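Have a look at the structure below, then the notes.
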Amino acid sequence: MQNITVLSGGMGGARFLQGLLHGIASGTLPGVAADATVTVVANTADDLWVHGLKVCPDLDTVMYTLGDGIDLERGWGRREETWSVKTELAEYGVEPTWFGLGDRDVATHLVRTQMLEAGFPLSQVTEALCRRWQPGVTLLPMTDDRVETHVAIADPESPSGRRVIHFQEYWVRLRASVPAEAVIVVGLDDATPGPGVIDAITDADLVVLPPSNPVVSVGTILGVPRVREALTATSAPVVGLSPIVGGSHVRGMAEQLLTSIGVEVSAAGVGLHYGARSAGGLLDGWLVDERDAEQLGRLHEAGLAAAAVPLMMTDHDATAAMASAAIELVRR
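The opening position of the sequence shown corresponds to residue 109 in our numbering, with each subsequent residue numbered one higher.
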(Lines of atoms letter the chains of each structure in order from A and count residues from 1; the text may use other names and numbers.)
(Lines give C-alpha, C1' and ligand atoms only; values in the text may rest on other atoms or scores of the structure.)
Protein backbone atom coordinates (compact mmCIF):
# COMPACT_ATOMS: atom_id res chain seq x y z
CA MET A 1 0.00 0.00 0.00
CA GLN A 2 1.50 3.27 -1.15
CA ASN A 3 -1.31 5.80 -0.83
CA ILE A 4 -3.49 5.96 2.29
CA THR A 5 -6.41 8.37 2.62
CA VAL A 6 -8.01 9.23 5.96
CA LEU A 7 -11.33 11.07 6.40
CA SER A 8 -10.74 13.02 9.60
CA GLY A 9 -12.36 15.24 12.13
CA GLY A 10 -10.28 17.01 14.74
CA MET A 11 -9.03 15.50 17.97
CA GLY A 12 -9.77 11.81 17.43
CA GLY A 13 -8.67 11.87 13.81
CA ALA A 14 -5.48 13.79 14.60
CA ARG A 15 -4.43 11.35 17.32
CA PHE A 16 -5.13 8.41 15.02
CA LEU A 17 -3.00 10.03 12.32
CA GLN A 18 -0.10 10.35 14.76
CA GLY A 19 -0.22 6.60 15.32
CA LEU A 20 -0.63 5.85 11.64
CA LEU A 21 2.45 7.92 10.75
CA HIS A 22 4.35 6.30 13.62
CA GLY A 23 3.42 2.88 12.24
CA ILE A 24 4.63 3.80 8.77
CA ALA A 25 7.91 5.20 10.10
CA SER A 26 8.53 2.14 12.27
CA GLY A 27 7.58 -0.32 9.52
CA THR A 28 4.96 -2.06 11.66
CA LEU A 29 1.95 -1.73 9.35
CA PRO A 30 1.33 -4.89 7.29
CA GLY A 31 1.63 -4.41 3.55
CA VAL A 32 2.33 -0.67 3.83
CA ALA A 33 5.32 0.72 1.95
CA ALA A 34 8.07 2.37 3.98
CA ASP A 35 7.58 5.55 1.94
CA ALA A 36 3.78 5.44 1.94
CA THR A 37 2.02 8.80 1.69
CA VAL A 38 -1.01 9.87 3.72
CA THR A 39 -3.69 12.24 2.47
CA VAL A 40 -6.17 13.65 4.98
CA VAL A 41 -9.59 14.87 3.89
CA ALA A 42 -10.63 17.05 6.82
CA ASN A 43 -14.03 18.18 7.98
CA THR A 44 -14.68 21.91 7.53
CA ALA A 45 -18.31 22.02 8.66
CA ASP A 46 -17.19 23.02 12.18
CA ASP A 47 -15.73 26.23 10.74
CA LEU A 48 -16.99 29.59 11.90
CA TRP A 49 -16.24 33.29 11.77
CA VAL A 50 -15.19 34.82 15.10
CA HIS A 51 -14.30 38.51 15.57
CA GLY A 52 -13.95 38.83 11.80
CA LEU A 53 -11.57 35.86 11.56
CA LYS A 54 -12.10 32.56 9.75
CA VAL A 55 -11.54 29.71 12.21
CA CYS A 56 -11.17 26.11 10.99
CA PRO A 57 -11.00 23.97 14.16
CA ASP A 58 -10.52 20.54 12.60
CA LEU A 59 -7.99 21.63 9.98
CA ASP A 60 -5.99 23.43 12.67
CA THR A 61 -6.16 20.55 15.14
CA VAL A 62 -4.74 18.15 12.55
CA MET A 63 -2.12 20.68 11.44
CA TYR A 64 -1.02 21.62 14.96
CA THR A 65 -1.04 18.03 16.23
CA LEU A 66 1.03 16.59 13.40
CA GLY A 67 3.24 19.69 13.35
CA ASP A 68 4.01 19.33 17.08
CA GLY A 69 2.38 22.60 18.09
CA ILE A 70 -0.81 21.36 19.78
CA ASP A 71 -1.62 21.89 23.43
CA LEU A 72 -1.52 18.27 24.55
CA GLU A 73 -3.52 18.84 27.74
CA ARG A 74 -6.45 20.59 26.06
CA GLY A 75 -6.20 18.63 22.82
CA TRP A 76 -6.77 21.77 20.76
CA GLY A 77 -5.12 25.15 20.21
CA ARG A 78 -1.48 26.09 20.55
CA ARG A 79 1.00 24.96 23.16
CA GLU A 80 2.27 27.64 25.60
CA GLU A 81 -0.66 29.84 24.63
CA THR A 82 -1.46 33.23 26.13
CA TRP A 83 -4.85 34.96 26.14
CA SER A 84 -4.30 38.72 26.09
CA VAL A 85 -6.52 39.32 23.05
CA LYS A 86 -9.36 37.28 24.57
CA THR A 87 -9.07 39.25 27.83
CA GLU A 88 -9.11 42.61 26.06
CA LEU A 89 -12.11 41.65 23.93
CA ALA A 90 -13.98 40.66 27.07
CA GLU A 91 -13.13 44.05 28.62
CA TYR A 92 -14.81 45.67 25.61
CA GLY A 93 -17.82 43.44 26.13
CA VAL A 94 -17.47 41.88 22.70
CA GLU A 95 -19.27 38.59 22.13
CA PRO A 96 -18.83 35.72 21.87
CA THR A 97 -16.96 35.46 25.15
CA TRP A 98 -17.49 31.67 25.25
CA PHE A 99 -15.19 31.05 22.26
CA GLY A 100 -11.67 32.15 23.07
CA LEU A 101 -8.89 32.65 20.54
CA GLY A 102 -5.40 32.38 21.97
CA ASP A 103 -2.79 34.93 20.96
CA ARG A 104 -0.70 32.41 18.99
CA ASP A 105 -3.79 30.89 17.42
CA VAL A 106 -4.95 34.33 16.27
CA ALA A 107 -1.93 34.55 13.99
CA THR A 108 -3.08 31.48 12.06
CA HIS A 109 -6.59 32.89 11.68
CA LEU A 110 -5.27 36.29 10.60
CA VAL A 111 -3.17 34.71 7.84
CA ARG A 112 -6.06 32.51 6.73
CA THR A 113 -8.54 35.41 6.68
CA GLN A 114 -6.20 37.72 4.78
CA MET A 115 -5.58 35.07 2.13
CA LEU A 116 -9.29 34.25 1.80
CA GLU A 117 -10.14 37.92 1.42
CA ALA A 118 -7.41 38.20 -1.23
CA GLY A 119 -9.24 35.56 -3.24
CA PHE A 120 -7.35 32.37 -2.42
CA PRO A 121 -9.56 29.31 -1.85
CA LEU A 122 -9.38 27.49 1.48
CA SER A 123 -7.46 24.58 -0.07
CA GLN A 124 -4.62 26.87 -1.18
CA VAL A 125 -4.67 28.68 2.15
CA THR A 126 -4.36 25.37 3.98
CA GLU A 127 -1.47 24.32 1.77
CA ALA A 128 0.30 27.59 2.57
CA LEU A 129 -0.25 27.22 6.33
CA CYS A 130 1.08 23.66 6.21
CA ARG A 131 4.39 24.88 4.77
CA ARG A 132 5.15 26.17 8.24
CA TRP A 133 3.89 23.15 10.19
CA GLN A 134 5.13 20.33 7.93
CA PRO A 135 2.49 17.84 9.20
CA GLY A 136 3.84 14.95 7.13
CA VAL A 137 0.53 14.49 5.32
CA THR A 138 -1.29 16.21 2.49
CA LEU A 139 -4.08 18.07 4.28
CA LEU A 140 -7.16 18.75 2.14
CA PRO A 141 -10.30 20.62 3.22
CA MET A 142 -13.38 18.59 2.28
CA THR A 143 -14.61 21.62 0.32
CA ASP A 144 -13.60 25.20 -0.45
CA ASP A 145 -17.23 26.25 -0.04
CA ARG A 146 -18.74 27.64 3.15
CA VAL A 147 -20.45 24.85 5.08
CA GLU A 148 -21.53 25.20 8.72
CA THR A 149 -23.08 22.74 11.14
CA HIS A 150 -25.94 23.91 13.35
CA VAL A 151 -27.77 22.10 16.12
CA ALA A 152 -31.43 22.47 17.06
CA ILE A 153 -32.12 22.47 20.80
CA ALA A 154 -35.27 22.96 22.85
CA ASP A 155 -36.21 26.56 23.70
CA PRO A 156 -39.55 27.02 25.50
CA GLU A 157 -39.44 30.78 24.87
CA SER A 158 -39.32 30.34 21.08
CA PRO A 159 -42.62 30.17 19.16
CA SER A 160 -41.46 26.90 17.57
CA GLY A 161 -40.27 25.47 20.87
CA ARG A 162 -36.72 25.17 19.61
CA ARG A 163 -33.82 27.30 18.44
CA VAL A 164 -30.84 26.59 16.22
CA ILE A 165 -27.29 27.38 17.29
CA HIS A 166 -23.90 26.91 15.67
CA PHE A 167 -22.27 23.58 16.45
CA GLN A 168 -19.40 25.35 18.22
CA GLU A 169 -21.85 27.01 20.61
CA TYR A 170 -23.44 23.63 21.31
CA TRP A 171 -20.06 22.07 22.01
CA VAL A 172 -17.98 24.88 23.54
CA ARG A 173 -20.58 26.95 25.43
CA LEU A 174 -23.17 24.30 26.29
CA ARG A 175 -20.68 21.37 26.45
CA ALA A 176 -23.34 19.26 24.69
CA SER A 177 -25.20 19.23 28.01
CA VAL A 178 -28.67 19.50 26.46
CA PRO A 179 -30.22 17.06 23.97
CA ALA A 180 -29.64 17.76 20.29
CA GLU A 181 -33.00 17.60 18.54
CA ALA A 182 -31.58 17.83 15.03
CA VAL A 183 -28.34 18.50 13.18
CA ILE A 184 -28.54 20.89 10.21
CA VAL A 185 -25.52 21.32 7.96
CA VAL A 186 -26.01 24.56 6.05
CA GLY A 187 -24.57 24.65 2.54
CA LEU A 188 -23.59 20.98 2.41
CA ASP A 189 -25.91 19.96 -0.42
CA ASP A 190 -24.51 22.68 -2.69
CA ALA A 191 -20.85 22.19 -1.80
CA THR A 192 -18.24 20.98 -4.27
CA PRO A 193 -15.48 18.61 -3.18
CA GLY A 194 -12.22 20.41 -2.57
CA PRO A 195 -9.38 20.04 -5.11
CA GLY A 196 -7.86 16.58 -4.84
CA VAL A 197 -10.54 15.14 -2.56
CA ILE A 198 -12.17 12.75 -5.04
CA ASP A 199 -8.81 11.66 -6.48
CA ALA A 200 -7.51 11.00 -2.97
CA ILE A 201 -10.32 8.49 -2.49
CA THR A 202 -10.44 6.90 -5.93
CA ASP A 203 -6.64 6.60 -6.29
CA ALA A 204 -5.99 5.33 -2.76
CA ASP A 205 -4.69 1.90 -1.85
CA LEU A 206 -6.51 2.15 1.49
CA VAL A 207 -9.20 4.46 2.89
CA VAL A 208 -9.63 4.79 6.65
CA LEU A 209 -12.49 6.24 8.68
CA PRO A 210 -10.77 6.94 12.02
CA PRO A 211 -12.59 7.16 15.38
CA SER A 212 -13.92 10.64 14.61
CA ASN A 213 -17.48 11.77 15.29
CA PRO A 214 -19.70 9.90 12.79
CA VAL A 215 -22.25 12.72 12.59
CA VAL A 216 -20.42 16.06 12.58
CA SER A 217 -16.94 14.99 11.43
CA VAL A 218 -16.94 11.97 9.14
CA GLY A 219 -20.66 12.40 8.49
CA THR A 220 -20.27 15.88 7.03
CA ILE A 221 -17.40 14.79 4.79
CA LEU A 222 -19.59 11.98 3.48
CA GLY A 223 -22.34 14.51 2.86
CA VAL A 224 -20.29 16.51 0.36
CA PRO A 225 -21.72 15.64 -3.07
CA ARG A 226 -19.74 12.89 -4.89
CA VAL A 227 -17.71 11.84 -1.82
CA ARG A 228 -19.98 8.96 -0.84
CA GLU A 229 -20.11 7.79 -4.46
CA ALA A 230 -16.31 7.90 -4.66
CA LEU A 231 -16.08 5.72 -1.56
CA THR A 232 -18.46 3.11 -2.93
CA ALA A 233 -16.61 3.07 -6.27
CA THR A 234 -12.97 3.07 -5.14
CA SER A 235 -11.01 -0.13 -5.65
CA ALA A 236 -9.27 0.49 -2.31
CA PRO A 237 -10.51 -1.32 0.80
CA VAL A 238 -12.39 0.98 3.18
CA VAL A 239 -12.02 0.30 6.89
CA GLY A 240 -13.28 2.15 9.94
CA LEU A 241 -12.63 2.22 13.70
CA SER A 242 -15.42 2.67 16.19
CA PRO A 243 -15.58 5.92 18.18
CA ILE A 244 -17.96 4.18 20.60
CA VAL A 245 -16.28 2.02 23.25
CA GLY A 246 -18.25 0.12 25.84
CA GLY A 247 -21.49 1.86 24.89
CA SER A 248 -20.27 5.46 25.03
CA HIS A 249 -18.02 7.90 23.22
CA VAL A 250 -14.48 8.17 24.50
CA ARG A 251 -14.43 11.94 24.20
CA GLY A 252 -16.73 14.50 22.63
CA MET A 253 -20.45 14.32 22.00
CA ALA A 254 -21.00 11.44 19.57
CA GLU A 255 -23.58 9.92 21.92
CA GLN A 256 -25.80 13.02 21.87
CA LEU A 257 -25.55 13.50 18.12
CA LEU A 258 -26.07 9.85 17.18
CA THR A 259 -29.24 9.95 19.24
CA SER A 260 -30.40 13.03 17.32
CA ILE A 261 -30.25 11.15 14.02
CA GLY A 262 -31.74 7.96 15.37
CA VAL A 263 -28.59 5.81 15.33
CA GLU A 264 -27.98 3.28 18.09
CA VAL A 265 -25.17 4.41 20.39
CA SER A 266 -22.97 1.32 20.15
CA ALA A 267 -19.95 0.12 18.23
CA ALA A 268 -22.19 -2.08 16.07
CA GLY A 269 -24.73 0.70 15.67
CA VAL A 270 -22.17 3.04 14.11
CA GLY A 271 -20.73 0.29 11.90
CA LEU A 272 -24.21 -0.59 10.64
CA HIS A 273 -24.92 3.14 10.13
CA TYR A 274 -21.98 3.32 7.72
CA GLY A 275 -22.97 -0.06 6.27
CA ALA A 276 -21.16 -2.74 4.30
CA ARG A 277 -20.15 -1.96 0.73
CA SER A 278 -21.40 -5.41 -0.25
CA ALA A 279 -24.88 -4.25 0.77
CA GLY A 280 -24.78 -0.69 -0.59
CA GLY A 281 -22.91 0.90 2.32
CA LEU A 282 -19.39 2.29 2.64
CA LEU A 283 -17.23 -0.14 4.62
CA ASP A 284 -15.35 -3.33 3.93
CA GLY A 285 -14.19 -3.68 7.54
CA TRP A 286 -15.01 -2.30 10.99
CA LEU A 287 -12.94 -2.50 14.17
CA VAL A 288 -14.59 -2.44 17.59
CA ASP A 289 -13.01 -2.39 21.01
CA GLU A 290 -12.49 -5.71 22.77
CA ARG A 291 -15.13 -4.63 25.31
CA ASP A 292 -17.67 -4.73 22.47
CA ALA A 293 -16.69 -8.16 21.11
CA GLU A 294 -20.20 -9.52 21.68
CA GLN A 295 -21.44 -7.21 18.90
CA LEU A 296 -19.30 -8.81 16.18
CA GLY A 297 -22.04 -11.23 15.18
CA ARG A 298 -24.37 -8.42 14.11
CA LEU A 299 -21.63 -6.88 12.01
CA HIS A 300 -20.74 -10.17 10.33
CA GLU A 301 -24.41 -10.79 9.53
CA ALA A 302 -24.50 -7.39 7.79
CA GLY A 303 -21.61 -8.39 5.52
CA LEU A 304 -18.83 -6.55 7.34
CA ALA A 305 -15.45 -7.99 8.15
CA ALA A 306 -15.11 -7.11 11.82
CA ALA A 307 -12.75 -7.73 14.72
CA ALA A 308 -12.39 -6.66 18.35
CA VAL A 309 -9.07 -5.16 19.50
CA PRO A 310 -8.01 -2.53 22.05
CA LEU A 311 -9.10 0.85 20.68
CA MET A 312 -7.80 3.26 23.30
CA MET A 313 -5.19 5.62 21.83
CA THR A 314 -3.01 5.71 24.94
CA ASP A 315 0.25 6.31 23.04
CA HIS A 316 1.64 6.18 19.50
CA ASP A 317 2.47 2.48 19.72
CA ALA A 318 -1.06 1.58 20.82
CA THR A 319 -2.55 3.71 18.06
CA ALA A 320 -0.21 2.20 15.46
CA ALA A 321 -1.38 -1.22 16.63
CA MET A 322 -4.97 -0.11 15.99
CA ALA A 323 -4.01 0.99 12.47
CA SER A 324 -2.21 -2.30 11.91
CA ALA A 325 -5.28 -4.30 12.99
CA ALA A 326 -7.51 -2.23 10.72
CA ILE A 327 -5.25 -2.86 7.74
CA GLU A 328 -4.97 -6.57 8.51
CA LEU A 329 -8.76 -6.80 8.59
CA VAL A 330 -9.16 -5.71 4.96
CA ARG A 331 -5.76 -6.54 3.49
CA ARG A 332 -6.07 -8.33 0.16
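Even glycine gets a Cβ: it sits at the ideal position worked out from N, Cα and C.
Because the structure is a prediction, the values reported are computed rather than measured.
| Excluding the five sequence neighbours on either side, which residues of its own chain have a C-beta within less than 6 Å of the C-beta of Ser-325, listed in chain order? | Stepping through the sequence shown from its first residue, residue 325 is reached at position 217. If we look at Ser-325 and ignore the five residues flanking it on each side, its Cβ neighbours are Gly-117, Asn-151.
| Own chain partners of Thr-136 with C-beta closer than 7 Å, once the 5 adjacent residues on each side are dropped | Translated into positions along the sequence shown, residue 136 becomes position 28. The answer, listed in chain order, is Ala-428, Ser-432.
| task | Please report how far the alpha carbon of Arg-334 lies from the alpha carbon of Tyr-200, in whole angstroms. | result | What you label residue 334 is simply residue 226 of the sequence shown in a count that begins at 1. What you label residue 200 is simply residue 92 of the sequence shown in a count that begins at 1. Distance between the alpha carbons of Arg-334 and Tyr-200 is about 45 Å.
| request: Counting only the same chain and skipping the five closest in sequence on each side, list residues whose C-beta sits under 7 Å from that of Ala-344. | output: Stepping through the sequence shown from its first residue, residue 344 is reached at position 236. Excluding residues within five positions, the ones whose Cβ falls inside 7 Å are Ala-312, Asp-313, Leu-314, Val-315.
| query | Anyone know if the C-beta pair for Ala-338 and Thr-310 falls short of 8 Å? | reply | As a working note, residue 338 is residue 230 in the sequence shown. As a working note, residue 310 is residue 202 in the sequence shown. Cβ atoms of Ala-338 and Thr-310: closer than 8 Å.
| request: Kindly list the residues whose CB is nearer than 7 Å to the CB of Arg-385, restricted to its own chain and excluding five residues on each side of it in sequence; keep chain order. | output: Taking the first residue of the sequence shown as 1, we reach residue 385 at position 277. Same-chain partners within the cutoff: Thr-340, Val-346, Leu-391, Asp-392.
| task | Determine the direct distance from the alpha carbon of Met-361 to that of Asn-321, and round the result to whole angstroms. | result | For the purposes of this step, residue 321 is taken as residue 213 along the sequence shown, with counting starting at 1. For the purposes of this step, residue 361 is taken as residue 253 along the sequence shown, with counting starting at 1. For Asn-321 and Met-361, the distance between alpha carbons rounds to 8 Å.
| message | As an exercise, report each continuous alpha helix (DSSP H) stretch of at least 4 residues that is fully enclosed by the region 208-234, in chain order. | response | 211-225
| request: Could you check how far apart the C-beta atoms of His-159 and Leu-209 are, in whole angstroms? I think they sit under 8 Å. | output: Taking the first residue of the sequence shown as position 1, residue 159 is located at position 51. Taking the first residue of the sequence shown as position 1, residue 209 is located at position 101. About 7 Å; that satisfies the 8 Å criterion.
| field | the region 210-217 contacting the region 284-297, beta-carbon criterion three pairs below 8 Å | value | no
| said: Check whether the region 132-149 and the region 254-265 are in contact - that is, three or more C-beta pairs closer than 8 Å. | reply: no
| Counting only runs that start and end within the region 316-365, where is the alpha helix (DSSP H) found for 4 or more residues in a row? | 326-331, 335-341
| query | Quick one: Cα of Leu-230 to Cα of Leu-156, how far? | reply | For this step, residue 230 is matched to residue 122 along the sequence shown. For this step, residue 156 is matched to residue 48 along the sequence shown. Going from the Cα of Leu-230 to the Cα of Leu-156 covers about 13 Å.
| said: Can you list, in chain order, the residues of its chain with a C-beta nearer than 8 Å to that of Phe-228? Leave out the 5 residues immediately preceding and following it. | reply: Reading the sequence shown from its first residue, position 120 is the one you call residue 228. Hits under 8 Å: Ala-236.
| Within 10 angstroms of its Cβ, does Glu-409 collect 16 or more other Cβ (buried), or is it exposed? | Here residue 409 corresponds to residue number 301 of the sequence shown, with the count starting at 1. Exposed, by the Cβ-count rule.
| task | With a threshold of 16 other CB atoms inside 10 Å of the CB of Thr-251, please say whether the residue is buried or exposed. | result | Working through the sequence shown from its first residue, we reach residue 251 at position 143. Thr-251 comes out buried.
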